[in-house]
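Numbering (this note's numbering), first residue to last: 62 to 375.
Every residue, glycine too, gets a C-beta built ideally from N, C-alpha and C.
Small disclaimer: the values here were computed from a predicted structure and weren't measured.
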Amino acid sequence: MTTPSTNFIGVNVSGTQARAAVVDSAGAVLETKVAEVTPKQLIQQLAAMVEDLGRRGRVASIGVAIPGLVNRQTDRVIAPRDLPSTIVEDLHGELMRATGLRVELENDANAAAYGEYKAGAGVGARNMFYIMIGNGIGGAIVLDGKLWTGASGFAGEVGHITIDAEGLECACGNTGCLETVASGPSIVRRARERLYRDNTSSLSRLALNKSFTAEDVAHQAKEGDDFALMMIERTGKYIGTGVATVINLLNIERIVLGGGVMDAGSLILNPIIQEAKRRAFQPCFDSTEIVAAKLGLDAAPIGAALLARDAASV
62 MTTPSTNFIG
72 VNVSGTQARA
82 AVVDSAGAVL
92 ETKVAEVTPK
102 QLIQQLAAMV
112 EDLGRRGRVA
122 SIGVAIPGLV
132 NRQTDRVIAP
142 RDLPSTIVED
152 LHGELMRATG
162 LRVELENDAN
172 AAAYGEYKAG
182 AGVGARNMFY
192 IMIGNGIGGA
202 IVLDGKLWTG
212 ASGFAGEVGH
222 ITIDAEGLEC
232 ACGNTGCLET
242 VASGPSIVRR
252 ARERLYRDNT
262 SSLSRLALNK
272 SFTAEDVAHQ
282 AKEGDDFALM
292 MIERTGKYIG
302 TGVATVINLL
312 NIERIVLGGG
322 VMDAGSLILN
332 PIIQEAKRRA
342 FQPCFDSTEI
352 VAAKLGLDAA
362 PIGAALLARD
372 AASV
């Protein structure tokens, strides 16, 4: 009689959607799953996903990635980005009670970084910095194979590096953060402003779509739209400025760039690298590899599952 395998489940909760992955003890991804969730039924819906994925074998523990600050020492979500604070106030305890399993909470950028480090673009590197560029901009640091989260678990917030001291106010209260010019919503805002004041931009196909997204800008750039290409290139320069700061500060071996904005591929990656090279201290830049992430939307759930696996072995 064969012994049932021991598996680990990771779930990334973002807005009204949850993405889950189940991995075995060797780290192989067995299955991924996507489901719609609602704040009021979140615990029950996550528990149902865990039960469904649990049919592949015994589940030892669960990792949950949340957009927002997470203090793993207290197992509390601080200032969640997409969910009401009252809903995730005791997410850790409620999910443990609903599933009967050990639960590990982590920030979504940290989880995605761990996924990329273990199974994606970070494989082979000893030290890595990860930048997630989507609705917000998050970051995470991996040193000697372990997440380095700082004194209270909030390290890596590269989205709040000041890029323009005279810029717009950020949601964090600072002015001119990287997130105010390079996140998905910020790209859309800058594109709308440019379309409004520049008549030559009316030739762009984006001008015909009043509800376009950052993904639409990336798609049109790939299709050769001159205006979209310009917006993506300028966004790359902003991100490259932030990347140069990371390079100078950490002299890190590899920087991995993920999130929806990176769907533009080399059209945004090349300007990022060029601007980072222009602004970084040359000896530091020469020892840093800047690459695009490989796991896409599955990075965070895979990383959360692997964090649950590795925490269980401590």
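Checking the sheet assignment: what are the DSSP bridge partners for residue i?
i, result
"Cys238", "Thr223"
"Glu165", "Gly124"
"Leu208", "Val203"
"Pro141", "Gly129"
"Leu318", "Ile192, Ala353"
"Ile198", "Ile194"
"Ala81", "Val72, Lys94"
"Arg119", "Thr67"
Output needed for residue i: all residues of its chain with C-beta closer than 7 Å, excluding positions within five of it in sequence on either side, in chain order.
i, result
"Ser213", "Asn132"
"Ala365", "Gly71, Val72, Asn73, Gly124, Val125, Ala126, Glu167, Ala172"
"Ala360", "Ala173, Gly176, Glu177, Gly181, Gly319, Ala354"
"Gly303", "Val219, Ile222, Ile224, Leu239"
Taking residue i as part of the beta strand (DSSP E), name the residues at either end of that continuous run.
i, result
"Ile194", "189-194"
"Gly71", "67-75"
"Glu92", "90-97"
How would you call residue i, buried or exposed, if buried means at least 16 neighbouring beta carbons within 10 angstroms?
i, result
"Asn270", "exposed"
"Gly181", "buried"
"Pro344", "exposed"
"Ala226", "exposed"
"Val307", "buried"
"Ala140", "exposed"
"Ala89", "exposed"
"Lys179", "buried"
"Arg258", "exposed"
"Asp169", "buried"
"Gly301", "buried"
"Gly30", "Summary: the structure shown does not reach residue 30, with the chain confined to residues 62 through 375, and so no result is reported for it."
"Ser122", "buried"
"Thr210", "buried"
"Thr77", "exposed"
Leaving aside the five residues before and after residue i along the sequence, list all residues of the same chain whose C-beta is less than 6 Å from its C-beta, in chain order.
i, result
"Cys233", "His221"
"Ile334", "Ile351"
"Ala79", "Val72, Ala96, Val98"
"Asn309", "Ala341, Phe342, Cys345"
"Ala305", "Ala337, Arg340, Ala341"
"Ser265", "Asp286, Phe288"
Along the chain, where does the alpha helix (DSSP H) that runs through residue i open and close?
i, result
"Asn309", "287-311"
"Gly364", "360-373"
"Ala337", "327-340"
"Ala353", "No alpha helix (DSSP H) holds Ala353; the beta strand (DSSP E) holding it covers 350-353."
"Gln105", "103-114"
"Gly154", "152-160"
"Ala282", "275-283"
"Ser247", "245-258"
"Pro344", "343-347"
Whole angstroms is fine: what's the gap from residue i's alpha carbon to residue j's?
i, j, result
"Ala337", "Pro246", "23 Å"
"Ser327", "Gly297", "10 Å"
"Gly228", "Thr236", "6 Å"
"Gly197", "Glu112", "31 Å"
"Asn331", "Met157", "44 Å"
"Glu165", "Phe190", "22 Å"
"Ala87", "Met110", "22 Å"
"Pro100", "Asp287", "41 Å"
"Thr241", "Ala96", "30 Å"
"Gly114", "Gly357", "According to the sequence displayed, residue 114 carries Leu and not Gly. Cα to Cα, Leu114 sits roughly 21 Å from Gly357."
"Arg412", "Glu276", "Any answer about residue 412 is impossible in this case: the structure gives the chain only from 62 up to 375."
"Phe342", "Thr93", "41 Å"
"Asp371", "Gln281", "41 Å"
"Val120", "Thr135", "23 Å"
"His153", "Gly161", "11 Å"
"Ala369", "Leu91", "15 Å"
"Gly185", "Asp205", "11 Å"
"Ala289", "Ala252", "8 Å"
"Arg187", "Ser262", "45 Å"
"Gln106", "Ser75", "13 Å"
"Leu367", "Leu208", "12 Å"
"Val317", "Val203", "11 Å"
"Ala108", "Leu130", "22 Å"
"Val84", "Leu311", "31 Å"
"Ile248", "Asp143", "19 Å"
Closer than 8 Å by C-beta to residue i: which residues in its own chain qualify, once you throw out the five before and the five after it? Chain order, please.
i, result
"Glu218", "Gly199, Gly200"
"Met323", "Ile194, Ile329, Leu330, Ala353, Ala354"
"Cys231", "His221, Gly237, Cys238, Glu240, Thr241"
"Glu155", "Ile104"
Tell me whether residue i counts as near the ligand ATP, meaning its Cβ is closer than 8 Å to at least one heavy atom of that ligand.
i, result
"Gly176", "Among the components of this structure there are no ligands whatsoever, and the ligand ATP is therefore not found."
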